[in-house]
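Chains as they are written, first to last, in numbering that gives the first Met the number 0: chain A, 0 to 389; chain B, 0 to 60. Note that CB positions come from ideal geometry on N, CA and C, so glycine has one too.
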Amino acid sequence: MKKYTFDITIIGAGPAGSMAAKRAAEKGASVLLIEKDKYAGIPVRCAEGVYRDEITRLVDIDDSWICSKIIFSELVSPDGNRVRAAEDASGFILDRKKFDQALAILSVESGADLRTETYASGMKKNVHGEWEVSACTRGEDIKILTKVVIGADGVESRVGRWAGIDTSLKLREIESCCQFTLADLNIDDQTVQFYMSKEFAPGGYAWVFPKSGGLANVGLGILGTYVKDVNPEKSLKNFVKRYFPEGRVISQIAGGVPVLPGLKDMVADGVLLAGDAARQVDPLSGGGITNSMAAGIMAAEHAVRSIEQKDTSKKNLTAYQKEWDRKFGKKMRLSSKLKKVVDDLDEEVFNNLVGKMSLLPQQKRTPFAFFKTLLLNQPKLFLDVAKFIL
Amino acid sequence: MDKNRGILIDTNLCDLCGACVAVCPEDAIILQERNIEVMQDRCTKCGLCAAVCPLNVPELL
Ligand SMILES: Cc1cc2nc3c(=O)[nH]c(=O)nc-3n(C[C@H](O)[C@H](O)[C@H](O)COP(=O)(O)OP(=O)(O)OC[C@H]3O[C@@H](n4cnc5c(N)ncnc54)[C@H](O)[C@@H]3O)c2cc1C
Ligand code: SF4
Ligand code: SF4
Numbered sequence: 000m001k002k003y004t005f006d007i008t009i010i011g012a013g014p015a016g017s018m019a020a021k022r023a024a025e026k027g028a029s030v031l032l033i034e035k036d037k038y039a040g041i042p043v044r045c046a047e048g049v050y051r052d053e054i055t056r057l058v059d060i061d062d063s064w065i066c067s068k069i070i071f072s073e074l075v076s077p078d079g080n081r082v083r084a085a086e087d088a089s090g091f092i093l094d095r096k097k098f099d100q101a102l103a104i105l106s107v108e109s110g111a112d113l114r115t116e117t118y119a120s121g122m123k124k125n126v127h128g129e130w131e132v133s134a135c136t137r138g139e140d141i142k143i144l145t146k147v148v149i150g151a152d153g154v155e156s157r158v159g160r161w162a163g164i165d166t167s168l169k170l171r172e173i174e175s176c177c178q179f180t181l182a183d184l185n186i187d188d189q190t191v192q193f194y195m196s197k198e199f200a201p202g203g204y205a206w207v208f209p210k211s212g213g214l215a216n217v218g219l220g221i222l223g224t225y226v227k228d229v230n231p232e233k234s235l236k237n238f239v240k241r242y243f244p245e246g247r248v249i250s251q252i253a254g255g256v257p258v259l260p261g262l263k264d265m266v267a268d269g270v271l272l273a274g275d276a277a278r279q280v281d282p283l284s285g286g287g288i289t290n291s292m293a294a295g296i297m298a299a300e301h302a303v304r305s306i307e308q309k310d311t312s313k314k315n316l317t318a319y320q321k322e323w324d325r326k327f328g329k330k331m332r333l334s335s336k337l338k339k340v341v342d343d344l345d346e347e348v349f350n351n352l353v354g355k356m357s358l359l360p361q362q363k364r365t366p367f368a369f370f371k372t373l374l375l376n377q378p379k380l381f382l383d384v385a386k387f388i389l
Numbered sequence: 000m001d002k003n004r005g006i007l008i009d010t011n012l013c014d015l016c017g018a019c020v021a022v023c024p025e026d027a028i029i030l031q032e033r034n035i036e037v038m039q040d041r042c043t044k045c046g047l048c049a050a051v052c053p054l055n056v057p058e059l060l
């Protein structure tokens, strides 16, 4: 069996893995990035929306990665009323096939080795305290000897479990999603739409993210605890029938999105988890692209540092978790709290809220105003949430 | 057949999305590029994979 040796082995070439590989290679480490699929980014399991401010901070965006530029967002209440929010939601709907591949190429240009069609099947520690990753690359079994493993293997991550971290999610910690890409829609290309509805998406929401030219990602997420009552695929079909009967389905995907404030443990001896593998998705929005990229970069920096210090112990790598918590922890916890508030909201209250919001001038209809209106009407919630904001 | 009773995930119906892998408490599901498989010796038949699947694919036998 062929054996390879690398300082850092990164499992999964999504946004987290590719950014981690890029950063670690830039810092001079020898890096192997492995991906089970033939091409990074295919199949796309995502609605592809990102905030402009967040993404541009992480990478120089190329116009060819963008399907459409978003200026407005529209919230649709259960009774079908719409309110257009302030213009602070500017963002992009990416073409993630191109985007993920571009990030993978950036990592290669920085000096990382990328191997696609390579599936990691397990890992164990040898007597020198290094990890031996077992993988199968295009039908051939190989072993990779490595000082540090970065698990960037997405929602289906097993790397953490191999290192003794319990990453399994409870049903209340995951959104079960279904999405169609629809053609022939008569929608505004600059507006994303969010539908709140206990009928179609209990414990979640439905989205319409336009990809220009009458194309859009139309999908919904249902909290795991409700899937036995409302099946995501059937519900999406009904949703589309109700709101977009003219739409023609050109593709369909299923997916899972972690919605918890974060893992208790994101590191083990010689192991760091990043992105969906570390459950770093924003719980309220379900957005994980930019968080994963930021986490990948952070994980790589700590991996390289630990190798330079010749101490890849869990204790030394905990600084990664601390940095993550310092930069994202508060936002994740607040977001998780607000998600629970929104999930539990009576449809009546929601209808009222959307009504009240539409009375405000458009410039004032910010998410903050939304929650403020909500909290002022529900003093108990206010106290609950205040401790996260203050 | 009794000892084979367990969870059946039909690769042909499955979209390989990984939601079931994320909830499986026993790390009993292997998801590869083109197929999915349940390690029956690890599976406790808790049913969580079936409960989360967006396409309702896993079946308790
Ligand atoms: C329906 C849906 C809609 C979404 N919409 C949005 C959105 O609009 N905006 C947003 O920001 N986020 C969205 N997300 C979340 C976003 O897709 C993820 O947060 C993001 O892709 C996470 O990046 P990652 O690099 O951590 O993992 P991934 O992108 O999932 O990459 C993980 C990679 O690891 C590979 N892999 C897994 N196991 C192995 C193994 N054993 N060996 C080798 N390779 C392996 C996989 O093939 C995959 O390529 C959505 C998710 C879903 C399901
Ligand atoms: S029934 Fe439970 S243990 Fe078995 S594969 Fe499904 S989730 Fe895992
Ligand atoms: S959750 Fe369902 S569709 Fe997704 S991988 Fe598991 S069985 Fe397949």
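Would residue i pass as an interface residue toward chain B - the criterion being a Cβ-Cβ separation below 8 Å?
{"i": "A/Gln279", "result": "no"}
{"i": "A/Val217", "result": "no"}
{"i": "A/Arg157", "result": "yes"}
{"i": "A/Glu245", "result": "no"}
{"i": "A/Tyr118", "result": "yes"}
{"i": "A/Arg160", "result": "yes"}
{"i": "A/Glu53", "result": "no"}
{"i": "A/Val226", "result": "yes"}
{"i": "A/Asp36", "result": "yes"}
{"i": "A/Arg44", "result": "yes"}
{"i": "A/Asn230", "result": "yes"}
{"i": "A/Ala253", "result": "yes"}
Under 7 Å: does the beta carbon of residue i sit that close to some heavy atom of ligand 1?
{"i": "A/Gln189", "result": "no"}
{"i": "A/Pro209", "result": "no"}
{"i": "A/Pro14", "result": "yes"}
{"i": "A/Gly255", "result": "yes"}
{"i": "A/Cys66", "result": "no"}
{"i": "A/Arg44", "result": "yes"}
{"i": "A/Val258", "result": "no"}
With a threshold of 7 Å, establish whether the CB of residue i neighbours any heavy atom of ligand 2.
{"i": "B/Glu25", "result": "yes"}
{"i": "A/Thr136", "result": "no"}
{"i": "B/Thr43", "result": "yes"}
{"i": "B/Ile29", "result": "no"}
{"i": "A/Val414", "result": "What is shown of chain A runs 0 to 389, which leaves residue 414 of chain A out entirely."}
{"i": "B/Gly46", "result": "yes"}
Less than 7 Å separating the Cβ of residue i from some heavy atom of ligand 3?
{"i": "B/Pro57", "result": "yes"}
{"i": "B/Val51", "result": "yes"}
{"i": "A/Gly40", "result": "no"}
{"i": "A/Asp281", "result": "no"}
{"i": "A/Ile252", "result": "no"}
{"i": "B/Ile35", "result": "yes"}
{"i": "A/Gly212", "result": "no"}
{"i": "A/Gly295", "result": "no"}
For chain A, is any of its Cβ atoms less than 8 Å away from the one on residue i?
{"i": "B/Gln39", "result": "no"}
{"i": "B/Asp26", "result": "yes"}
{"i": "B/Asn55", "result": "yes"}
{"i": "B/Gly17", "result": "yes"}
{"i": "B/Leu12", "result": "no"}
{"i": "B/Cys23", "result": "yes"}
{"i": "B/Glu58", "result": "no"}
{"i": "B/Glu32", "result": "yes"}
{"i": "B/Leu47", "result": "yes"}
{"i": "B/Ile8", "result": "no"}
In its own chain, which residues sit with a C-beta less than 8 Å from the C-beta of residue i, not counting the 5 before and 5 after it?
{"i": "A/Asn80", "result": "Asn350, Val353, Gly354, Ser357"}
{"i": "A/Phe71", "result": "Arg83, Ala84, Glu86, Ala88, Asp187, Gln189, Thr190, Val191"}
Within the same chain, show all residues whose beta-carbon is closer than 7 Å to that of residue i, passing over the 5 residues directly before and after it, in chain order.
{"i": "A/Ala151", "result": "Ile9, Ile10, Gly11, Gly13, Ala15, Gly16, Ala19, Ala273, Gly274, Ala276, Gly295"}
{"i": "A/Leu389", "result": "For A/Leu389, the predicted structure reports a pLDDT of 48, less than 50, and the residue's modelled location is therefore unreliable. The matter cannot be settled from this model."}
{"i": "A/Ile60", "result": "Ile54"}
{"i": "A/Met0", "result": "Asp140, Ile141, Lys142"}
{"i": "B/Gly46", "result": "Leu59"}
Within its chain, find whatever has a CB closer than 6 Å to the CB of residue i; leave out the 5 residues flanking it on each side and keep chain order.
{"i": "A/Ile249", "result": "Thr180, Ala182"}
{"i": "B/Cys13", "result": "Ile35, Val56"}
{"i": "A/Leu283", "result": "Ser334, Leu337, Lys338"}
{"i": "A/Val270", "result": "Val148, Ala162"}
Practice item. Could you name each continuous beta strand (DSSP E) segment of 3 residues or more that falls completely within the stretch 27-52 of chain B, going from the start of the chain to the end? Key: Within the stretch 27-52 of chain B, the complete beta strand (DSSP E) runs of at least 3 residues are 28-30, 35-37.
Q. Are there three or more Cβ pairs, one per stretch, closer than 8 Å when the stretch 1-9 of chain A is compared with the stretch 141-157 of chain A?
A. yes
| said: What ranges does the beta strand (DSSP E) occupy inside the stretch 58-90 of chain A, keeping only unbroken runs of at least 3 residues that lie completely in it? | reply: Taking only runs of at least 3 residues, the beta strand (DSSP E) segments lying wholly in the stretch 58-90 of chain A are 65-69, 71-75, 81-83.
Is the stretch 190-210 of chain A in contact with the stretch 155-162 of chain A, if contact means three or more CB pairs nearer than 8 Å? no
So, do the stretch 41-54 of chain B and the stretch 183-190 of chain A have three or more beta carbon pairs nearer to each other than 8 Å?
no
**Request:** Would you check if there are 3 or more beta carbon pairs closer than 8 Å linking the stretch 218-229 of chain A to the stretch 112-125 of chain A?
**Result:** no
Three-pair Cβ contact test at 8 Å for the stretch 93-113 of chain A versus the stretch 235-246 of chain A | With a cut-off of 8 Å, the stretch 235-246 of chain A and the stretch 93-113 of chain A do not count as touching, because too few Cβ pairs lie within range.
Item to complete: Report yes or no: do the stretch 188-200 of chain A and the stretch 251-270 of chain A share at least 3 C-beta pairs separated by less than 8 Å?
Response: no
**OP:** Could I get the ranges of all uninterrupted beta strand (DSSP E) runs contained in the stretch 155-216 of chain A, with 3 residues as the minimum, in chain order?
**Re:** Runs of the beta strand (DSSP E) inside the stretch 155-216 of chain A: 173-182, 190-194, 205-211.
Stretch pair the stretch 105-115 of chain A + the stretch 30-41 of chain A: three plus CB contacts closer than 8 Å: yes
With three or more beta-carbon pairs closer than 8 Å as the criterion, would you say the stretch 161-176 of chain A touches the stretch 27-34 of chain B?
no
- Can you give, in chain order, each stretch of the alpha helix (DSSP H) that sits fully within the stretch 220-308 of chain A and has at least 4 residues? If we require 4 residues or more, the alpha helix (DSSP H) runs fully inside the stretch 220-308 of chain A come out as 231-242, 288-307.
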